[in-house]
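Protein chains in written order, with the numbering used here: chain A, 1 to 171; chain B, 172 to 555. Using N, Cα and C, we set each Cβ at its ideal position, and we do this for glycine too. Please read all numbers here as calculations on a predicted model, not as lab measurements.
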Ligand SMILES: [Zn+2]
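Okay, structure coming up:
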């Protein structure tokens, strides 16, 4: 309060005023639905996931193997030249142990996202996915991992056709 | 005097009603490759800055500009987005060169409209949530309101608007880049099912997918590049007011003021005499007439009569939307301005094929950011 004003004018609102409809509220639920065209490169990538394989594109210019595949090389700015299958094994590049889910729900069992450099792809190229069958405390940068796939009849051509990546025993 | 700027390269990805075979990245790459080839530049070495025009809600991805560098050859380079029409982006690129900060700048704009399953819902999200959305009208109702008032004030008629549709869809038949070419009669337009009356179904430009990339360069380097330069003589942009309840309904003041800026910069005092042709926004049929009057190419109330007399036909004294416009060529969201600039560039270079106008030296491209906006951009382009 100030010297002149002993009490602010107006009426304070409580959450009950809103819940009980005593003040105007407007709710607008946005129906924003999309069907993004995956395109040539990601379209093939997803089809191959359904087959239980990882596919990359090779650039004839810098000779890198690009994963996920793309039809052009962002370094050389030329079309990539060939499809190559890469392994479903790799090395943990980085990871995080997440106790909060995307919708801000707290988790007892943490989610284990990791960036995995895939064998056969160029250094630093691979996949962002999840780790599993591992104790959070045991995860290390540089750990060797392999993909654990859903059964063929469960696969649908999606990134979730791989359930998670687990440590390679003795790897 | 800031350095003169030219468009030295243009490229587009094939415009289609839907493009299920390509991702937006692959579409942009196609346009970029053509533009760089046209300009004779290597984006990895010769381009100082990249600008994309995009709107996150049309894309379905927030902070969309983060997804553009790879397919433009812009990784590890200066990149930013202008959330506006393509001509906003073009003006921004020209200003980057004027300042001396960059010598070669790339502008990109695209539409992947077919990725949206609920475009009307997304469009409706642009309206005021408290006092407009609850009324429940489709976003296009504002065009019906505007058309009524424009015809009332200007004396142009419903039939004049139908003539715009007839002209632009016929022009599009000769343009391989236009997707909605057709021979329609006045009766086809007037008797089409009413939508947001006085608008009928054929008065509304249909959406399409496609993209454009343009390379701009300052005078000091333009001569060294392979591209046939088309000079930017002037540009301007303007927004009236978001207040739907109190804006000017009978005229496009935003286009008038944007044109004033562009004309001043280009030294134009009599646009009809000093320009040879124009590509103006025709997202809705009446908009072509309204914009033509706002640009001062004809006087208020004259545009319909001009069309009736054939002045704005391809063979007339002042051809308008020879390309087929958006009614014949498809509406390309924020790429609409670049769509029109592209057609003006091809005309000035003599590369417009069957649509080519004879002896054109100077043309105008104008865009409007569609409903519910009152934002318009103008650019003047010239051969020499
Ligand atoms: Zn490469």
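inquiry  = Report the CB separation of residue 466 (chain B) from residue 490 (chain B) in whole angstroms; it is logged as a contact under 8 Å.
reply    = So it is not a contact: roughly 14 Å between Cβ atoms.
ask   = From A:79, A:40, A:113, A:8, pick the residue whose C-alpha is nearest to that of residue 58 (chain A); which is it?
value = A:79
query = Closer than 7 Å, Cβ to any Cβ of chain B: which residues of the segment 96-107 of chain A, in chain order?
reply = none
key: CB contact flag (residue 502 (chain B), residue 414 (chain B), <8 Å)   = no
query = Per DSSP, which one or two residues make a beta bridge with residue 539 (chain B)?
reply = B:547
Beta-carbon proximity list for residue 132 (chain A), same chain, < 6 Å, skipping 5 on both sides = 164, 166
ask   = Closer than 7 Å: is that where the CB of residue 315 (chain B) sits relative to any heavy atom of ligand 1?
value = no
query = Sorry if obvious, but does the Cβ on residue 75 (chain A) come closer than 7 Å to a heavy atom of ligand 1?
reply = yes
task = For residue 22 (chain A), I'd like the list of residues in its chain whose CB is within less than 7 Å of its CB, leaving aside the five on either flank, ordered along the chain.
result = none
ask   = Going along the chain, which residues of its own chain have a beta-carbon closer than 6 Å to the beta-carbon of residue 280 (chain B), five neighbours each way excluded?
value = 224, 257, 383, 505, 506, 509
query = Between residue 200 (chain B) and residue 245 (chain B), what straight-line distance do the alpha-carbon atoms span, to the nearest angstrom?
reply = 11 Å
ask   = DSSP state of residue 178 (chain B), grouped into three classes?
value = strand
message = Restricting to Cα atoms, I'd like to know which of B:330, B:454, B:367 is closest to residue 361 (chain B).
response = B:330
task = Could you check the C-alpha separation between residue 161 (chain A) and residue 196 (chain B) for me, to the nearest Å?
result = 24 Å
ask   = Should residue 61 (chain A) be counted as a contact of ligand 1 given a C-beta to heavy atom distance under 7 Å?
value = yes
query = Quick one: what does DSSP say residue 130 (chain A) is sitting in, helix, strand or coil?
reply = strand
request  = Using DSSP bridges, identify the partner residues of residue 72 (chain A).
outcome  = A:79
message = Within the continuous alpha helix (DSSP H) that includes residue 477 (chain B), where are the two ends?
response = 474-479
ask   = Under three-state DSSP, which class holds residue 107 (chain A)?
value = strand
task = Kindly list, in the order they appear in chain A, the residues whose Cβ is closer than 8 Å to that of residue 190 (chain B).
result = 37
query = Just to confirm, does residue 57 (chain A) get its C-beta within under 7 Å of one of the non-hydrogen atoms of ligand 1?
reply = no
query = Should residue 252 (chain B) be labelled buried (16 or more other beta-carbon atoms within 10 Å of its own) or exposed?
reply = buried
query = Is residue 246 (chain B) close to chain A, meaning its C-beta is less than 8 Å from at least one C-beta of that chain?
reply = yes
query = If you run the structure through DSSP and keep just helix, strand and coil, what is residue 144 (chain A)?
reply = strand
task = Just tell me which of B:307, B:339, B:303 has its CA closest to the CA of residue 478 (chain B).
result = B:339
ask   = Looking only at DSSP bridge pairs, what is residue 91 (chain A) linked to?
value = A:117, A:144
task = Taking a Cβ distance cut-off of 7 Å, strictly less, list which residues of the segment 291-302 of chain B are near chain A, in chain order.
result = 292, 293, 296, 300, 301
query = What in chain A is Cβ-close to residue 400 (chain B), meaning under 9 Å?
reply = Result: empty, since nearest Cβ-Cβ is about 23 Å, beyond 9 Å.
task = With 8 Å as the threshold, decide whether the Cβ of residue 260 (chain B) is near any Cβ in chain A.
result = no
query = Can residue 470 (chain B) be considered in contact with ligand 1, in the sense that its beta carbon sits closer than 7 Å to one or more heavy atoms?
reply = no
query = So residue 514 (chain B) and residue 533 (chain B) are in contact, right, with Cβ under 8 Å, and what is the actual spacing, rounded?
reply = Actually they do not touch by this definition, with Cβ atoms about 14 Å apart.
task = Classify residue 383 (chain B) as helix, strand or coil using the three-state DSSP reduction.
result = strand
ask   = What are the uninterrupted segments assigned as beta strand (DSSP E) that are 3 or more residues long and contained completely in the segment 440-516 of chain B, given in chain order?
value = 448-450
message = Looking at the strands, I want to know which residues DSSP matches up with residue 410 (chain B).
response = B:546
key: Proximal chain A residues relative to residue 287 (chain B), where beta-carbon distance stays under 9 Å   = 32, 33, 34, 35
key: Beta-carbon proximity of residue 437 (chain B) to residue 551 (chain B), cut-off 8 Å   = yes
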